[in-house]
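Student:
Here's what the structure looks like:
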């Protein structure tokens, strides 16, 4: 299930977070299937990333979500093994994290009309918005936002992500793939999300509402203000 729109960004972001591609340079074309419908997208890659695409042909390739548990063919330990630790280049004031959440909420056009979508915003270290996306699924919203950043070739500027949803392990996985240092969500974090964020040295913040929030991992990046 997804919210129509941003199909190209969704396809690019999903291919990236699933480690099929590393950047836009790995793609030949991404386009709608004109003879079918805009609900389908063709993605042509130059080559499989380190053989990943070919090796996965015998694996379960549907997203393994916390709503249904981790796929039996994928060990929990593989999550941290396949991800690099994020760099430690930034610190951020607690008030700025609140500002990121406000920016995402204010940008939710569909939510303000329906109350039925999640949103993900990707920001620079200075808090400038790189991309924002909405979807009925939180995973799709983040993949769309990541796809937009990749399409603009600004992934090196991505430093922080703000979500309107809870922080499940797959959201941490996607954020870590992009290399962001801070991931904040409006709701709780699962135990596996906290474990994974700690293993890649990402700052994970739950219940980020107003000037409040729970910092679960790497609190040294967060500057508390009087």
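Numbering (this note's numbering), first residue to last: -4 to 221.
Quick reminder that beta carbons are idealized off the backbone N, C-alpha and C, glycines included.
The model shown is predicted, which means the values in this text are computed figures rather than measured ones.
When burial is assigned at 16 or more other CB atoms within 10 Å of the CB, is residue 139 buried or exposed?
Tutor: Mapped onto the chain shown, residue 139 falls at position 144. Buried.
Student: Pull up the DSSP beta-bridge partners for residue 118, would you.
Tutor: Along the chain shown, one-based indexing puts residue 118 at 123. According to DSSP, residue 118 bridges with 124 and 155.
Student: Please classify residue 112: does DSSP put it in a helix, a strand, or coil?
Tutor: As a first step, residue 112 must be located in the chain shown, where it is residue number 117. Look at residue 112 here: in three-state DSSP terms it is coil, with no helix or strand label.
Student: Grab the span of the beta strand (DSSP E) containing residue 208 for me, first residue to last.
Tutor: The count along the chain shown starts at 1 and reaches residue 208 at position 213. Segment 207 to 212, the beta strand (DSSP E) holding residue 208.
Student: Based on DSSP bridge pairs, tell me the residues matched to residue 24.
Tutor: Taking the chain shown and counting its residues from 1, the one referred to as residue 24 is at position 29. According to DSSP, residue 24 bridges with 39.
Student: So, for residue 34: in the same chain, excluding its five sequence neighbours on each side, which residues have a beta-carbon less than 8 Å away from its beta-carbon?
Tutor: One-based indexing of the chain shown puts residue 34 at position 39. The residues are -1 and 2.
Student: How about residue 162 and residue 173: are their beta carbons less than 9 Å apart?
Tutor: Translated into positions along the chain shown, residue 162 becomes position 167. Translated into positions along the chain shown, residue 173 becomes position 178. Judged by their CB atoms, residue 162 and residue 173 are not nearer to each other than the 9 Å cut-off.
Student: Specify whether the region 77 to 89 and the region 97 to 116 touch according to this definition: at least 3 beta carbon pairs, one from each stretch, less than 8 Å apart.
Tutor: Judged by pairs of C-beta atoms under 8 Å, the region 77 to 89 does not touch the region 97 to 116, as fewer than three such pairs exist.
Student: Out of 221, 181 and 189, point me to the one whose CA is closest to residue 94's CA.
Tutor: Residue mapping note: residue 94 aligns to position 99 of the chain shown, counting from 1. Considering only alpha carbons, the answer is 181.
Student: Between 183, 218 and 131, which has its C-alpha nearest residue 105's C-alpha?
Tutor: Numbered from 1 along the chain shown, position 110 holds the residue referred to as residue 105. Nearest option by C-alpha distance: 131.
Student: Could you compute how far the alpha carbon of residue 62 sits from the alpha carbon of residue 164?
Tutor: One-based indexing of the chain shown puts residue 62 at position 67. One-based indexing of the chain shown puts residue 164 at position 169. The predicted model places residue 62 with a pLDDT of 49, which falls under 50 and marks its position as unreliable; any figure quoted below should be read in that light. Between residue 62 and residue 164, the C-alpha separation is close to 11 Å.
Student: Measuring straight from C-alpha to C-alpha, what distance separates residue 77 and residue 97?
Tutor: On the chain shown, residue 77 is found 82 positions in, with the first residue counted as 1. On the chain shown, residue 97 is found 102 positions in, with the first residue counted as 1. Going by the C-alpha atoms only, they are around 32 Å apart.
Student: Hey, would you say residue 24 sits closer than 9 Å to residue 15, going by beta carbons?
Tutor: Along the chain shown, one-based indexing puts residue 24 at 29. Along the chain shown, one-based indexing puts residue 15 at 20. No, the pair does not count as a contact, with Cβ atoms beyond the cut-off.
Student: Under three-state DSSP, which class holds residue 233?
Tutor: This structure does not reach residue 233, given that the chain is present from -4 up to 221, and the question cannot be answered.
Student: Whole angstroms are fine: how far does the CA of residue 29 sit from the CA of residue 204?
Tutor: Within the chain shown, the letter at position 209 stands for residue 204. Within the chain shown, the letter at position 34 stands for residue 29. Taking the straight line joining both Cα atoms gives about 43 Å.
Student: Please state if the CB of residue 81 and the CB of residue 195 are separated by a distance shorter than 9 Å.
Tutor: Position 200 of the chain shown, counted from the first residue, corresponds to residue 195. Position 86 of the chain shown, counted from the first residue, corresponds to residue 81. Against a cut-off of 9 Å, the Cβ pair of residue 81 and residue 195 comes out as a contact.
Student: Have a look at residue 128 and residue 5 and give me their C-alpha separation to the nearest angstrom.
Tutor: For this step, residue 128 is matched to residue 133 along the chain shown. For this step, residue 5 is matched to residue 10 along the chain shown. Answer to the nearest angstrom: the Cα atoms are 10 Å apart.
Student: So, at 7 Å on beta carbons, what are the nonlocal neighbours of residue 125 in its own chain, with the 5 sequence-adjacent residues on each side left out?
Tutor: Residue numbering aside, residue 125 sits at position 130 when the chain shown is read from its first letter. Counting only Cβ-Cβ distances below 7 Å, and skipping sequence neighbours, we find 117, 118, 119, 144, 149, 152 and 153.
Student: What are the partner residues of residue 130, as DSSP defines its beta bridges?
Tutor: For the purposes of this step, residue 130 is taken as residue 135 along the chain shown, with counting starting at 1. In the DSSP output, where bridge partners are listed per residue, residue 130 has 113.
Student: Excluding sequence positions up to five away, which residues of its chain have a Cβ less than 8 Å from the Cβ of residue 147?
Tutor: By 1-based counting over the chain shown, the position of residue 147 is 152. Correct list, in chain order: 125 and 126.
Student: Run through DSSP, which three-state label would residue 196 get?
Tutor: Residue mapping note: residue 196 aligns to position 201 of the chain shown, counting from 1. In this structure, residue 196 counts as coil in the three-state DSSP scheme.
Student: Could you spell out the range, first to last residue, of the alpha helix (DSSP H) harbouring residue 175?
Tutor: Here residue 175 is taken as the residue at index 180 of the chain shown, counted from 1. Looking at the DSSP string, residue 175 is not in any alpha helix (DSSP H), and its letter there is neither H nor E.
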